[in-house]
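Worksheet: one structure, shown below.
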Amino acid sequence: METVLSTHQLSKQYGRLKAVDKLDLSVPKGSVFGILGPNGSGKTTTLGMLLDVIQPTGGSYDWFGKPGSKEQRKKIGAILETPIFYPYLSAVKNLEVVALIKEVSKDRIPQVIEQVGLSERQHDKYRTYSLGMKQRLSIASALLCDPEVMILDEPTNGLDPQGIADIRQLIINIANEGKTIVLASHLLDEVQKVCTDFAVLKNGTLIYTGKVEDVEKGESKVIVKAEENLENTLANCPLVQGHIPSTNGRFEVTMVTGKTSADLNKYLFDKQVIVSHLETQTKSLEKQFLELLNENK
Amino acid sequence: MNRLLKIEFSKLLSYRTFWILIGIYFVVMGITTMSGMEFLKWLAEKGAQFGEVNIMKVPLYHFPDIWQNLTYVAQYFRLLLGIFVIISITNEFSYKTIRQNVIDGLSRADFIASKVLIILGISIVSTVFVFLIGILMGSIYSPESEMRFMFKHIDFIPAFFLATFNYLLLVMVIALIVKRAGLSIVIVLVYPAIEFMIEVILPGPLEFLTNYLPYHALSNLIDVPFGRYIFLEIRDSVAFSDIALNLLYIPILIWAGYQTIAKKNLS
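Sequence lines, in order, name chains A and B.
Using the numbering used here, you'd call the opening residue of the first sequence number 56 and step up by one each time.
Using the numbering used here, you'd call the opening residue of the second sequence number 205 and step up by one each time.
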């Protein structure tokens, strides 16, 4: 598979602190790549190095198979940490500066402003904007060059629930156009909802990288409730690896690999156990994330 | 080149502080340099005496004296342009926009180049303005017989340009190092005194070395002209060695400015 971004032993040291330590990442084309990690794990430092604002102390990185350059950055739409614009300029004027830097036409400005829902305030000075509006403008700015790759660092920071949902939909839409997105976040739910791949950083080292769908695979857990005979039947069921009582008379059942809640339902029905509650629990990224962090203590 | 200048313009054209500073500069400098005769009249009323000379007969605005008189006085107002340069650079650090500029695809060298270009532009506009004042005032006050000297000593005009340009480059380097507006203005104000202190500290035979410091170098381009009206010997031309030294300082100052951000993390 074609690789958009790869890092080789990329490192950044601040005095004695290793902010990023020998990082090897590879982002496939067309993926939505989540970079996860607790605060201070090196997410922003990594992105800063990839965008040439932080000088690596070791290692290297390639964009589209070539070492990073300003010409490549012109084709990348990126926001890092908080939105940054000239406070005395309007949204439109700020985007004009970006368009000149990126050497793209100004014609797309109304379109991207519309896309993030800022049209009504587009001629107001940036400093009069709320945090949510600033965040939207930075996404508009990242979209301006119709980028092949977008880098978004905590893009839903400071947004209200509607704003978060809008931005999430926007990311999904952009991804569906075949674009690659690198998304740094500590909101695991967000990464699980939009990402295809993810990497976990801790104290500057990569502790896991893989596909989001793999997290959801594997042995599944089913919550089941029935009025009578449930526990006995479960104990003798060949589809079940184990079961433990849960709240409200429910049981948490671990299925044999490959078997699903539908199989369990059919089995119980055949044994004349009528199920009143049946729920499949997908393994959440959050759980996996916390497990990973604990394993790597 | 053109693109970098356009970027800089789109940052500035809607910025009120820019227009206010530039406006004050041209208005105050224009009024001051054009009111020399009024000043002499005021001196005369106060009873000032230039020896035997009738004060009102001092040929301030006569060709070719006007070029040195005018450029010497006009250069005192460059501090206002310096404040503008400081603000345009320190803003980029306080708003962190330099970082976003680099993320968006400007190299650090492009950033310095865009600032140098705007400084170049301002220096040119300022020089043209002084030149026009010179032509205007000289034509008004010069007697017919001196009109043929109109372009004699016109070399003070390029010297004025060089002094302004290098001064603003020096200010740019200070602002890039300090990164904060207030402190940069203070340092720009005391910087000439620092060079003077070096002159004082150095033992006599080595004092000439201070002439090679950047502020001395650009100040030496245009000598104080007014001594000639009380029959003192003055240098009424621009020395080639001063021009050469200042030309040498252009790449040095730009290089120094670039070094302040070349290897730095922009956070």
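Glycine included, C-beta positions come from ideal geometry on N, C-alpha and C.
Using the rule of at least 16 other Cβ atoms within 10 Å of the residue's Cβ for burial, across every protein chain shown, is residue i buried or exposed?
| i | result |
| --- | --- |
| A/Asp244 | exposed |
| A/Asn349 | exposed |
| B/Tyr280 | exposed |
| B/Arg220 | exposed |
| A/His298 | buried |
| B/His357 | buried |
| A/Ala195 | buried |
| A/Ala281 | buried |
Comparing alpha-carbon positions, which option in the options lies nearest residue i?
| i | options | result |
| --- | --- | --- |
| B/Ile456 | B/Glu437, B/Asp269, B/Tyr416, B/Ala443 | B/Tyr416 |
| B/Pro362 | B/Leu274, B/Ser298, B/Ile287 | B/Leu274 |
| B/Ser388 | B/Val377, B/Leu225, B/Tyr276 | B/Val377 |
| A/Arg71 | A/Asn320, A/Ala290, A/Asn258 | A/Asn258 |
| B/Phe365 | B/Leu285, B/Arg439, B/Phe400, B/Val390 | B/Leu285 |
| A/Thr183 | A/Pro142, A/Leu150, A/Gly92 | A/Pro142 |
| B/Asp440 | B/Thr237, B/Phe230, B/Pro268, B/Glu242 | B/Pro268 |
| A/Gly120 | A/Phe324, A/His332, A/Thr58 | A/Thr58 |
| A/Thr264 | A/Leu65, A/Ser193, A/Phe344 | A/Phe344 |
| A/Asn212 | A/Pro93, A/Ser240, A/Ile229 | A/Ser240 |
| A/Gly172 | A/Lys73, A/Lys276, A/Leu192 | A/Leu192 |
| A/Lys189 | A/Pro165, A/Glu158, A/Ile134 | A/Ile134 |
| B/Tyr462 | B/Met238, B/Gln272, B/Ala313 | B/Ala313 |
| A/Tyr246 | A/Pro293, A/Leu340, A/Gly97, A/Ile229 | Strictly speaking, residue 246 of chain A in this sequence is Val, with Tyr absent from that position. When each option's Cα is compared against that of A/Val246, the closest is A/Leu340. |
| B/Arg207 | A/Lys180, A/Thr101, A/Val159, A/Val295 | A/Val159 |
| B/Val382 | B/Asn258, B/Leu216, B/Met205, B/Ile465 | B/Ile465 |
| A/Asn94 | A/Asp252, A/His332, A/Leu256, A/Leu333 | A/Leu256 |
| A/Ile131 | A/Thr137, A/Leu105, A/Ser145 | A/Leu105 |
| B/Thr331 | B/Pro263, B/Phe230, B/Ile434, B/Trp223 | B/Phe230 |
Run through DSSP, which three-state label would residue i get?
| i | result |
| --- | --- |
| A/Ala74 | strand |
| A/Met56 | coil |
| A/Ser145 | strand |
| A/Thr235 | strand |
| B/Ser471 | coil |
| A/Lys276 | strand |
| A/Asp179 | coil |
| B/Val306 | helix |
| B/Ala443 | coil |
| A/Lys266 | strand |
| B/Lys383 | coil |
| A/Gly120 | coil |
| A/Gly113 | strand |
| B/Thr294 | helix |
| A/Glu282 | coil |
| B/Tyr299 | coil |
| A/Lys129 | coil |
| A/Ile299 | strand |
| B/Ile358 | coil |
| A/Asp162 | helix |
| B/Asp427 | coil |
| A/Val167 | helix |
| A/Phe306 | strand |
Going along chain A in order, which residues have a C-beta closer than 8 Å to the C-beta of residue i?
| i | result |
| --- | --- |
| B/Arg303 | Val108, Leu135, Ile139 |
| B/Ser471 | Gly103, Val108, Ile109 |
| B/Arg207 | Leu155, Glu158 |
Chain A partners of residue i, CB-CB under 7 Å?
| i | result |
| --- | --- |
| B/Tyr419 | Near B/Tyr419 there are no residues of chain A at all, since even the closest Cβ is about 32 Å away, more than 7 Å. |
| B/Lys210 | Leu155 |
| B/Lys467 | Gln110 |
| B/Ser218 | Tyr143, Leu144, Lys148 |
Under the assumption that residue i contacts residue j (Cβ atoms under 8 Å), give the Cβ distance between them as a whole number of angstroms.
| i | j | result |
| --- | --- | --- |
| A/Leu155 | B/Ile322 | Incorrect: roughly 14 Å between the Cβ atoms, too far for contact. |
| B/Ile337 | B/Gly431 | B/Ile337 to B/Gly431, Cβ: 22 Å. No contact. |
| A/Thr112 | A/Gln68 | 5 Å |
| A/Val108 | B/Leu470 | 4 Å |
| B/Leu425 | A/Lys125 | About 37 Å separates the two Cβ atoms, so there is no contact after all. |
| A/Thr235 | A/Glu268 | About 17 Å; that fails the 8 Å criterion. |
| B/Ala248 | B/Met260 | 6 Å |
| A/Leu214 | A/Ile227 | Not really, about 16 Å apart at Cβ, beyond 8 Å. |
| A/Cys250 | A/Gly89 | 4 Å |
| A/Leu91 | A/Ala254 | 7 Å |
Which chain A residues sit within Cβ distance under 9 Å of residue i?
| i | result |
| --- | --- |
| B/Ser292 | Near B/Ser292 there are no residues of chain A at all, since even the closest Cβ is about 11 Å away, more than 9 Å. |
Cβ closer than 9 Å: which chain B residues qualify as neighbours of residue i?
| i | result |
| --- | --- |
| A/Arg182 | Within 9 Å Cβ-Cβ: nothing; A/Arg182 doesn't reach chain B, min ~10 Å. |
| A/Lys73 | Going along chain B, no residue has its Cβ under 9 Å from A/Lys73, so there is no contact; the nearest lies around 15 Å. |
So which residues on chain B does residue i lean against when the C-beta distance must stay under 7 Å?
| i | result |
| --- | --- |
| A/Val246 | Residues of chain B passing the Cβ test: none, with the nearest at roughly 22 Å. |
| A/Pro142 | Tyr299 |
| A/Lys361 | No answer is possible for residue 361 of chain A: the residues shown for chain A start at 56 and end at 352. |
So residue i contacts chain B; which residues on that side make the cut at Cβ distance below 8 Å?
| i | result |
| --- | --- |
| A/Glu151 | Ser214 |
| A/Arg128 | Val306, Ile307, Asp308, Gly309 |
| A/Lys314 | Neighbours of A/Lys314 on chain B: none; closest Cβ ~49 Å, over 8 Å. |
Looking at the ligand SAM, does it come within less than 7 Å of residue i, judged from the CB to the closest heavy atom?
| i | result |
| --- | --- |
| B/Phe365 | The ligand SAM is not part of the structure shown, which contains no ligands of any sort. |
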